[in-house]
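S.K.:
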Amino acid sequence: MARLAVALTIALLSSLEATVMSAQDSTYDQNALRVQSVRGDLQIVRGSQDVVVAHSGIFHGPRLASVVTGSDSAVAEARVFERDYQPGQYLAGLGIAMMGAAIGASRIHDINTLIPGGLSVASFALIIYGAGKLESAYRALSKSIWLYNRDLKR
Numbered sequence: 354m355a356r357l358a359v360a361l362t363i364a365l366l367s368s369l370e371a372t373v374m375s376a377q378d379s380t381y382d383q384n385a386l387r388v389q390s391v392r393g394d395l396q397i398v399r400g401s402q403d404v405v406v407a408h409s410g411i412f413h414g415p416r417l418a419s420v421v422t423g424s425d426s427a428v429a430e431a432r433v434f435e436r437d438y439q440p441g442q443y444l445a446g447l448g449i450a451m452m453g454a455a456i457g458a459s460r461i462h463d464i465n466t467l468i469p470g471g472l473s474v475a476s477f478a479l480i481i482y483g484a485g486k487l488e489s490a491y492r493a494l495s496k497s498i499w500l501y502n503r504d505l506k507r
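All residue numbers for the sequence shown refer to this note's numbering, where the first residue is 354 and numbers rise by one.
1. With distances taken from CA atoms, which of M451, P469, A385, Y443 is nearest S401?
2. Suppose the cutoff is 8 Å on Cβ atoms and the five residues either side in sequence are ignored; what does the same chain contact list for Y443 look like?
3. Of all the beta strand (DSSP E) runs that stay within the bounds of the segment 403-431, which reach a length of 3 or more residues?
4. Count the other C-beta atoms from every protein chain shown that fall within 10 angstroms of the C-beta of V405, then say buried if there are 16 or more, exposed otherwise.
5. If contact is defined by three or more beta carbon pairs under 8 Å, each pair taking one atom from either stretch, is the segment 470-478 in contact with the segment 445-454?
6. Do you know how far the Cα of Y381 is from the Cα of V433?
In structure tokens form, the structure reads like this:
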């Protein structure tokens, strides 16, 4: 009889513990954010159901600050992301286009050699500056999502 009581007590405690954990994790599981890339587009998805809450397009970045409103520090980092993401894309893209123009200009035989050289220097500068802005944006995106997820109730 004592063994039966001990077995039932252990079974009861283990079932209560599992129930408490699943109730605590459901809030986090349903609200945690993560980033995924689909065909070059950046998507912010929420929870285990993969609900897309923000995405980027050709002419706009994801509006992250409205998604992470529960955490002030996450909103501050999201604003840094929103400030740097779009200019970084445009500057890097313009630098790549200028590199193509520099290569095309270098193929013209009777053109001043300073023109392709100047275009090359300008394109390198734009690519490097745009890459720096994108690096800052992605760092802020990662930190913003981490801060938001950290502040979720478990």
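The beta-carbon is built from N, C-alpha and C at its ideal position, and this holds for glycine as well.
M.R.: Quick answer:
1. Nearest of M451, P469, A385, Y443 to S401, Cα basis: A385.
2. The answer, listed in chain order, is G483.
3. Qualifying beta strand (DSSP E) stretches, in chain order: 404-408.
4. In this structure V405 is exposed. Its beta-carbon is surrounded by fewer than 16 other beta-carbon atoms within 10 angstroms.
5. Touching, per the Cβ criterion.
6. Between V433 and Y381, the C-alpha separation is close to 25 Å.
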